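Asks: According to our numbering, the sequence shown is numbered sequentially starting from 66.
Positions of the beta carbon are idealized from the N, C-alpha and C atoms, including for glycine.
These numbers were taken from a predicted model, which means no experiment stands behind them.
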Amino acid sequence: MSSSIRRLLPIFDGIPHYMKQRINRLWKKWKEGAHEVITKYPETMTQRKKLNVLVFIGFLANEQKLNFAKKSDHGGPLGELLQWSDLLATLSIIGHHLEVSTDKESLKSIVWKYMGRGPCQYVNGSRQQLDIIFTDIMGLNILRQRHRQFLMNNRCRIRLLDSFGTHAEFTTKSYFLQNKRKLSGPDSQRNPWGGHGLDLRQHWTFYPHSDDNTFLGFVVDTEGVGENIQKTSTPSALIYGKQKYMWMDAEKPIGILKKLVKVHATVADLEFIPKNSSSLFDDVQNHGFLNSEEISELLDKTTIFFGLGFPLEGPAPLEAMAHGTVFINAKFEELKSRKNYKFLSEKPTLREWTSQNPYMEKIGEPHVITVDINNEEELEKAIKRAIELKVILFSGFNPKFLNFSRNRMYHSIAVLLEKQELCDKISISKRWPPVNEMKIFKTKKPDDSCEMTCHSQNMLCEPSYFPVMNSSPLLTREFSCSELSTDSSPFAPFNCTVQQSASLFSCASRPSPSSGVVRLCPCRDYIPEQHAICKMCL
Ligand code: UDP
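If you want it as structure tokens, here you go:
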């Protein structure tokens, strides 16, 4: 472990101001957390190999075109930058050697160093290898276009930051192309963010979306926030939406909100609205884009954090909840997915969104009320209820945030980088999580996924067990088969059918209700709120 921020100073010139600020502001807490996690898990946190980790933030490497760094102080997307900041802080504190790049030039010199073309590093006479490469989909595309051989040599070392996650149907180009009509809606039959052919566990997500992918997450600051919270006596709401296009279809719900509470906003591009063109922003106190301290202060005084249905699954509602606001989470009467919602139409997932933030929907009252904001009566009731609710504020750590705690992030990243082996085809006895932790269950209904089946047993579906379980003797025994067939299907193994394509093993996929499919599902237990780790696998 290494808690000096000095190790990160050399990279500060290359990352956006927002990231530097977040890392600096929270460093004291990162250090305290490091101490706690070592005390709690002395063996797993200290007996680890020091790895050479490349962090290539592809999201920032097309700056001339996309301007994401520049926009980070003016309402541009911040969720990704926040997650990259937390990842960098974690990797540095857990002691790994870091190479960080946010542009194509510096990437080239790192690639050359490890390919042996430039001055390379030797330790005890042997060339240094990269052990892990964190990048995103844009970064992977740049590696593919400019450093093909390097990518081929290091494919299994890639860990892809993939906010919404990727399902098996989208991971290989060929399966998607054969089935694209069935997998798409009217807006698009393309798969621009998928088709990388990686193991699904190489996709690391923003929320714990699916057991197929790995949950990376981010940190929500909760410690101590309760001490500063002082809600105003007149109830108030902050509307979630930092660009005006996010407000455009929400005239009616915003009108109802204005009737009942004082409304605040942090819309960054409001000055571009022609005066008198819309009454939407009348009686709204717009603060413009706020920095982290300012937004924290505003949330401390706010009663309601009001979702308009978009953006989906950002970090802000969890932060707002940590500051004692009630999150009004927009419920989708018709579930949204790539098949019926333009924003999702090219995302490589079949997930169906029940609301703006399905993770928070499960948290429920007193922190979250999920309601159809276009139903006037229901919305009015929800706003009144939110005003009534007394959110219990914890001055210390609120267990509702365990999935987003600093210690979880340290511990799971340390363990995953040490144990999640995706390069070697290792023998069954060396697999992690250990195979003797596997419990096999059959799906009960034809349209159940393995995730649903394992969750109903208070377990998780463990994708790394699929190849172990995909065996003829097991299927013959479980289904009393006289004969077995093979299939390349995201539902296999099922009935008397063996899986033929390893890339299609899937925890999340759901057969149609009329399919007659009975799947075999590999499940395991887990440490509460530590999805990556089973109880006996440390
Ligand atoms: N945020 C901010 N200033 C503002 C509005 C939001 O710093 O005026 C922060 C917010 O606290 C959160 C981050 O922006 O940490 C990202 O929020 P969001 O959920 O909107 O995700 P995004 O869509 O940007 O990925």
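Closer than 7 Å by C-beta to residue 398: which residues in its own chain qualify, once you throw out the five before and the five after it? Chain order, please.
Replies: Working through the sequence shown from its first residue, we reach residue 398 at position 333. These residues qualify, in order along the chain: 437.
Asks: Cα separation between residue 117 and residue 555?
Replies: Here the question's residue 117 lines up with position 52 in the sequence shown. Here the question's residue 555 lines up with position 490 in the sequence shown. Going from the Cα of residue 117 to the Cα of residue 555 covers about 35 Å.
Asks: Could you tell me the boundaries of the beta strand (DSSP E) in which residue 213 lies?
Replies: Numbered from 1 along the sequence shown, position 148 holds the residue referred to as residue 213. Where residue 213 is concerned, there is no enclosing beta strand (DSSP E), although the alpha helix (DSSP H) it sits in stretches over 213-219.
Asks: With a threshold of 16 other CB atoms inside 10 Å of the CB of residue 313, please say whether the residue is buried or exposed.
Replies: Sequence index remark: in the sequence shown, residue 313 carries index 248 (1-based). Residue 313 should be labelled exposed.
Asks: Pull up the DSSP beta-bridge partners for residue 351, would you.
Replies: Against the sequence shown, residue 351 aligns to sequence position 286. Answer is 330.
Asks: Exposed or buried, which one is residue 356 when buried takes at least 16 other CB atoms within 10 Å?
Replies: Numbered from 1 along the sequence shown, position 291 holds the residue referred to as residue 356. The residue in question, residue 356, is exposed, as its Cβ has fewer than 16 Cβ neighbours within 10 Å.
Asks: Taking Cβ positions, are residue 565 and residue 553 nearer each other than 8 Å?
Replies: As a working note, residue 565 is residue 500 in the sequence shown. As a working note, residue 553 is residue 488 in the sequence shown. Taking 8 Å as the Cβ cut-off, residue 565 and residue 553 qualify as a contacting pair.
Asks: Return the first residue and the last residue of the alpha helix (DSSP H) that residue 234 is part of.
Replies: Indexing the sequence shown from 1 puts residue 234 at position 169. No alpha helix (DSSP H) holds residue 234; DSSP gives it neither H nor E.
Asks: Closer than 6 Å is what we want: which residues have a beta carbon that near any heavy atom of the ligand UDP? List them in chain order.
Replies: That query returns the following residues: 142, 143, 144, 147, 307, 331, 354, 355, 357, 360, 376, 379, 380, 381 and 384.
Asks: Consult DSSP for residue 305 and reduce its assignment to one of helix, strand or coil.
Replies: Taking the sequence shown and counting its residues from 1, the one referred to as residue 305 is at position 240. In the structure shown, residue 305 sits in a strand (DSSP, three-state: E or B).
Asks: Compare the beta carbon distance of residue 573 and residue 516 with 8 Å and say whether it is the shorter of the two.
Replies: If you number the sequence shown from 1, residue 573 lands on position 508. If you number the sequence shown from 1, residue 516 lands on position 451. Their beta carbons are under 8 Å apart, which means residue 573 touches residue 516 by this criterion.
Asks: Less than 8 Å separating the beta-carbons of residue 463 and residue 433?
Replies: Taking the first residue of the sequence shown as position 1, residue 463 is located at position 398. Taking the first residue of the sequence shown as position 1, residue 433 is located at position 368. No.
Asks: Just curious, the beta strand (DSSP E) that residue 433 is in, first and last residue?
Replies: Taking the sequence shown and counting its residues from 1, one reaches residue 433 at position 368. Counting along the chain, the beta strand (DSSP E) containing residue 433 begins and ends at 433-436.
Asks: Kindly indicate which residue of 575, 602, 245 and 557 has the alpha-carbon position closest to the one of residue 500.
Replies: Locating residue 500 in the sequence shown gives position 435, counting from the first residue. Among 575, 602, 245 and 557, the Cα nearest to that of residue 500 is on 602.
Asks: Buried or exposed for residue 493, going by 16 or more other Cβ atoms inside 10 Å?
Replies: Within the sequence shown, residue 493 is the residue found at index 428, counting from 1. That one is exposed.
Asks: Report yes or no: do the segment 410-419 and the segment 232-239 share at least 3 C-beta pairs separated by less than 8 Å?
Replies: Result yes; three or more Cβ-Cβ pairs closer than 8 Å.
Asks: With H, G and I counted as helix, E and B as strand and the rest as coil, what does DSSP make of residue 58?
Replies: In the structure displayed, the chain extends from 66 to 603; residue 58 sits before or after that span and is not available.
Asks: State the start and end residues of the unbroken beta strand (DSSP E) segment that holds residue 589.
Replies: The sequence position of residue 589 within the sequence shown is 524, counting from 1. First-last of the beta strand (DSSP E) with residue 589: 585-589.
Asks: Look at the Cβ atom of residue 563, then the Cβ atom of residue 537, and state whether they are nearer than 8 Å.
Replies: Numbered from its first residue, the sequence shown carries residue 563 at position 498. Numbered from its first residue, the sequence shown carries residue 537 at position 472. It is a contact, given that the beta carbons lie within the stated cut-off.
Asks: Tell me which residues share the same chain as residue 525 and place their Cβ nearer than 7 Å to its Cβ, disregarding the 5 neighbours each side in the sequence.
Replies: Position 460 of the sequence shown, counted from the start, is the residue given in the question as residue 525. Correct list, in chain order: 276, 519, 588, 589, 591 and 596.
Asks: Work out the CA separation of residue 363 and residue 489 for me, nearest whole Å.
Replies: Residue mapping note: residue 489 aligns to position 424 of the sequence shown, counting from 1. Residue mapping note: residue 363 aligns to position 298 of the sequence shown, counting from 1. Whole-angstrom Cα-Cα distance: 50 Å.
Asks: Once DSSP output is grouped into helix, strand and coil, what is the label at residue 164?
Replies: As a position in the sequence shown, residue 164 is number 99, starting the count at 1. DSSP places residue 164 in strand when its eight states are reduced to three.
Asks: Taking DSSP as the reference, what is the three-state secondary structure of residue 269?
Replies: To locate residue 269, count along the sequence shown from 1; it is residue 204. Strand.
Asks: Tell me which residue opens and which closes the alpha helix (DSSP H) that residue 88 is part of.
Replies: Here residue 88 refers to the residue found at position 23 of the sequence shown. Where residue 88 is concerned, the enclosing alpha helix (DSSP H) stretches over 82-105.
Asks: Under the assumption that residue 35 contacts residue 250 (Cβ atoms under 8 Å), give the Cβ distance between them as a whole number of angstroms.
Replies: Look at the range of the chain in this structure, 66 to 603, and you will see that residue 35 is not part of it.
Asks: Between the Cα of residue 441 and the Cα atoms of 427, 317 and 407, which residue gives the shortest distance?
Replies: The residue you call residue 441 lines up with position 376 of the sequence shown. It is 317.
Asks: Skipping 5 residues on each side, what residues in its chain have a beta carbon closer than 7 Å to that of residue 379?
Replies: Here residue 379 is taken as the residue at index 314 of the sequence shown, counted from 1. Result list for residue 379: 144, in chain order.
Asks: Report yes if the CB atom of residue 88 is closer than 8 Å to the CB atom of residue 153, and no otherwise.
Replies: Residue mapping note: residue 88 aligns to position 23 of the sequence shown, counting from 1. Residue mapping note: residue 153 aligns to position 88 of the sequence shown, counting from 1. Taking 8 Å as the Cβ cut-off, residue 88 and residue 153 qualify as a contacting pair.
Asks: Since residue 468 and residue 594 should fall inside the 8 Å C-beta cutoff, what is the C-beta to C-beta distance between them, to a whole number of angstroms?
Replies: Against the sequence shown, residue 468 aligns to sequence position 403. Against the sequence shown, residue 594 aligns to sequence position 529. About 5 Å separates the two Cβ atoms, so the contact holds.
Asks: For the alpha helix (DSSP H) that residue 155 lies in, which residues bound it at each end?
Replies: Position 90 of the sequence shown, counted from the first residue, corresponds to residue 155. That run of the alpha helix (DSSP H) goes 144-158.
Asks: Quick check on the DSSP output: the alpha helix (DSSP H) that includes residue 381 runs from which residue to which?
Replies: As a working mapping, residue 381 is identified with position 316 in the sequence shown. Unbroken alpha helix (DSSP H) run through residue 381: 381-387.
Asks: Report yes if the C-beta distance between residue 283 and residue 273 is below 8 Å; otherwise report no.
Replies: Here residue 283 refers to the residue found at position 218 of the sequence shown. Here residue 273 refers to the residue found at position 208 of the sequence shown. No.
Asks: Counting C-beta neighbours from all protein chains within 10 Å, is the total for residue 315 16 or more, i.e. buried, or is it exposed?
Replies: Here the question's residue 315 lines up with position 250 in the sequence shown. Residue 315 should be labelled buried.
Asks: Does the count of Cβ pairs from the segment 501-508 and the segment 116-130 closer than 8 Å reach three?
Replies: Segments in contact, no.
Asks: How far does the alpha helix (DSSP H) with residue 477 in it extend, from its first residue to its last?
Replies: Counting from 1 along the sequence shown, the entry for residue 477 is found at position 412. Run containing residue 477: 471-484, per the alpha helix (DSSP H) assignment.
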